[in-house]
Amino acid sequence: MLSKEAQEAIAFSRKYIKPDQDKTLTPEIALAARKGGDEGNKWDLPDEIELKTIDQNGVKGEFYGRKDQTPTKTVLLFLHGGAYATGTLYSRRKLAVKLGKAADMDVFACDYTQYPEGRHPDAQNDILRAYKYLRDKYDHVVVFGESAGATLALTLTLQLKDEQQILPDRIAVFSPVINQLNTAASEYLRNERDPMLVGATDPVPYFDEPAKKDPLISPIYGDYRGFPPLLINCGSEEVKYDSSAILNSLCEKAGVDVQWHVWQDLFHVFVLFDMPETDLAIKQIGEFLQMGMSKND
Numbered sequence: 016m017l018s019k020e021a022q023e024a025i026a027f028s029r030k031y032i033k034p035d036q037d038k039t040l041t042p043e044i045a046l047a048a049r050k051g052g053d054e055g056n057k058w059d060l061p062d063e064i065e066l067k068t069i070d071q072n073g074v075k076g077e078f079y080g081r082k083d084q085t086p087t088k089t090v091l092l093f094l095h096g097g098a099y100a101t102g103t104l105y106s107r108r109k110l111a112v113k114l115g116k117a118a119d120m121d122v123f124a125c126d127y128t129q130y131p132e133g134r135h136p137d138a139q140n141d142i143l144r145a146y147k148y149l150r151d152k153y154d155h156v157v158v159f160g161e162s163a164g165a166t167l168a169l170t171l172t173l174q175l176k177d178e179q180q181i182l183p184d185r186i187a188v189f190s191p192v193i194n195q196l197n198t199a200a201s202e203y204l205r206n207e208r209d210p211m212l213v214g215a216t217d218p219v220p221y222f223d224e225p226a227k228k229d230p231l232i233s234p235i236y237g238d239y240r241g242f243p244p245l246l247i248n249c250g251s252e253e254v255k256y257d258s259s260a261i262l263n264s265l266c267e268k269a270g271v272d273v274q275w276h277v278w279q280d281l282f283h284v285f286v287l288f289d290m291p292e293t294d295l296a297i298k299q300i301g302e303f304l305q306m307g308m309s310k311n312d
């Protein structure tokens with residue numbers, strides 16, 4: 016049975032978030048959504064967390080580390096979602112910090128280029144630079160992404176693999192999108208069930224060629240052989256459900272160490288809401304990312 020908080024989040028999403036999801040994503044709407052997301056997610060960093068802002072050599076973002084402690088040897092690269100347009104570091108700061116605490120490691124939240132300021136592959140290039148920057152500073156890099164950030168976690172690793180570079184040690188994705196053409200069955204069959212998103216909408220404007228069979232646009236076309244351990248989370252009710260199902264199948268067939276967790280009666284990236292289910296999900300993701308690594312590894 017869902018917690019009271021989860022039921023309230025579902026009701027809130029149906030009333031205030033979903034009604035706007037079928038609007039054409041104009042530059043004005045994207046920028047307004049970012050502002051609204053920041054205003055609706057005000058949160059003070061815990062006293063023990065130190066914030067360090069980075070903007071150098073094309074790498075932008077925020078480090079979250081613990082004060083009076085040496086840096087961990089593993090860092091979590093955090094990639095926010097928001098349809099490549101509406102997400103911000105600030106609106107996801109609480110999630111990033113909680114994941115870092117659960118995984119017992121430093122966090123770098125990448126501030127990548129979105130629409131309307133840029134187009135594909137700007138975000139891809141930004142996170143690639145951030146990943147290489149972190150590789151120079153840490154022994155191990157793990158990656159977490161939600162929604163479009165989950166897609167970027169996959170496309171980053173596919174590019175690194177294609178270029179025969181060192182891959183992330185572990186990857187956790189939440190509500191990934193693996194095809195920019197929103198035509199999967201769940202886009203239609205779960206449209207009424209998903210309180211957060213409208214299904215079968217037009218492709219996001221960040222991509223000039225959303226139909227192109229390019230794994231760095233739609234990772235459904237990717238080769239997952241040799242992929243690092245992967246944890247997939249999604250809600251049973253989300254219109255993007257089939258993306259998680261197909262990704263899990265592709266990885267199983269490729270021999271990837273993959274886990275797929277479907278949260279019954281929950282929705283797209285529900286971890287953005289404060290509720291017991293979120294706390295449990297964060298705990299499990301932290302344990303997965305930490306597996307096989309430690310501060311001293």
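In terms of the numbering used here, the sequence shown is residues 16 to 312. Beta carbons: idealized from backbone N, C-alpha and C, even for Gly.
Backbone secondary structure at residue i - three-state DSSP
i	result
Ser251	coil
Glu161	strand
Ser18	coil
Gln305	helix
Asp121	strand
Ala111	helix
Asp126	coil
Gly52	helix
Ile44	helix
Ala296	helix
Phe78	strand
Arg185	strand
Tyr267	Inspection of the sequence shows that residue 267 is occupied by Glu rather than by Tyr. Reduced to three states, the DSSP call for Glu267 is helix.
Leu66	strand
Asp35	helix
Phe282	coil
Gln174	helix
Glu23	helix
Ser28	helix
When the options are compared against residue i, the one with the closest alpha-carbon
i	options	result
Ile44	Ala138, Gly102, Ala26	Gly102
Pro225	Tyr99, Pro210, Asp184	Tyr99
Gly160	Lys152, Asp154, Thr170, Asp177	Thr170
Ala326	Gln84, Ala260, Gly97	Lying before the first or after the last residue shown, residue 326 is absent from the chain, which here runs from 16 to 312.
Leu94	Pro86, Gln84, Gly80, Leu114	Leu114
Leu17	Asp137, His155, Thr293, Phe303	Thr293
Cys249	Ser106, Asp280, Arg185	Asp280
Glu54	Gln71, Arg107, Gln36	Arg107
Glu23	Lys298, Ala138, Gly133, Met290	Met290
Glu63	Tyr79, Gly301, Asn140	Tyr79
Tyr272	Asp257, Arg240, Trp278, Lys298	Here residue 272 turns out to be Asp, not Tyr, going by the sequence shown. Measuring from the Cα of Asp272, the nearest candidate turns out to be Arg240.
Asp141	Cys125, His155, Glu132	Cys125
Glu253	Met308, Ala200, Gly301, Asp177	Ala200
Phe27	Phe303, Trp275, Phe282	Phe282
Leu265	Pro234, Phe189, Pro218, Thr87	Pro234
Gly307	Ala269, Ile261, Asp184	Asp184
Ala111	Gln139, Gly133, Tyr153, Asn56	Asn56
Asp151	Asp238, Thr89, Tyr256	Thr89
Val188	Leu66, Lys19, Lys176, Phe285	Phe285
Thr166	Gly237, Tyr153, Tyr105, Arg205	Gly237
Pro244	Trp275, Leu46, Thr198	Trp275
Asp119	Asp59, Thr85, Pro131	Thr85
Ile186	Ile300, Gly51, Pro61, Gln36	Ile300
Leu175	Ile25, Tyr256, Phe242	Phe242
Asp121	Lys82, Tyr127, Gln129	Lys82
Glu302	Gln129, Val157, His135, Asp137	Val157
Ser258	Pro218, Tyr221, Asp223, Thr198	Thr198
Leu173	Leu91, Asp229, Pro61, Glu77	Asp229
Delimiting residues of the beta strand (DSSP E) encompassing residue i
i	result
Lys82	It is not in any beta strand (DSSP E) - Lys82 carries neither H nor E in the DSSP assignment.
Leu92	89-94
Limits of the unbroken alpha helix (DSSP H) element including residue i
i	result
Gln139	137-152
Below-8 angstroms beta-carbon distance, residue i vs any chain B residue
i	result
Asp217	Given the protein chain composition of this structure (a single chain), no chain B is represented.
heavy atom of the ligand FMN below 7 angstroms from residue i C-beta
i	result
Ala26	The ligand FMN is not part of this structure, which contains no ligands at all.
Would you call the stretch 207-216 and the stretch 27-45 in contact, with 3 or more CB pairs under 8 angstroms?
yes
Touch check for the stretch 188-200 and the stretch 70-78: three-plus C-beta pairs under 8 angstroms?
no
Please give the ranges of any beta strand (DSSP E) in the stretch 185-250, keeping only runs that are unbroken, at least 3 residues long and fully inside the region.
185-189, 245-250
Inter-stretch contact (C-beta, 8 angstroms, three-pair minimum) for the stretch 143-155 and the stretch 165-183
yes
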